[in-house]
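These notes are about the structure you will find just below.
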């Protein structure tokens, strides 16, 4: 989220995402990396016609965010712009089952991946 505040000229998040596309762990009653959280996100998105395979989960944390998101069927992007929160394991990066689908060094790269 720090990258959102400091990079690019993207519109505010509330203009980018519909409320139905946001799942908050506290609302679900679990903490990351709970499989239940990501299953709830997939179910909520599916209910509005968005399949998991067309969902991009972006984070700087591999093990608690991207690995369970990928296991739930989502596409994943590792954000490396904000180095202070970056959590990366070389084993996870090497494993095709857990390796992120994309690597982002700047938030503005999202425009080339998704329609904004």
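In our numbering, the protein residues as written are 148 to 263. Glycine is no exception: its CB is placed at the ideal position from the N, C-alpha and C atoms.
- Assigned with DSSP and collapsed to three states, residue 236 falls in coil, not helix or strand.
- The beta carbon of residue 251 sits closer than 6 Å to the beta carbons of 224, 226 from its chain, once the five residues preceding and following it are set aside; these are given in chain order.
- If you draw a straight line from the Cα of residue 217 to the Cα of residue 206, it comes to about 12 Å.
- In the three-state DSSP reduction, residue 182 falls in the helix class (H, G or I).
- A residue is called buried when at least 16 other Cβ atoms come within 10 angstroms of its Cβ; residue 178 does not meet this threshold and is exposed.
- By the 16-neighbour rule on beta-carbons within 10 angstroms, residue 189 is buried.
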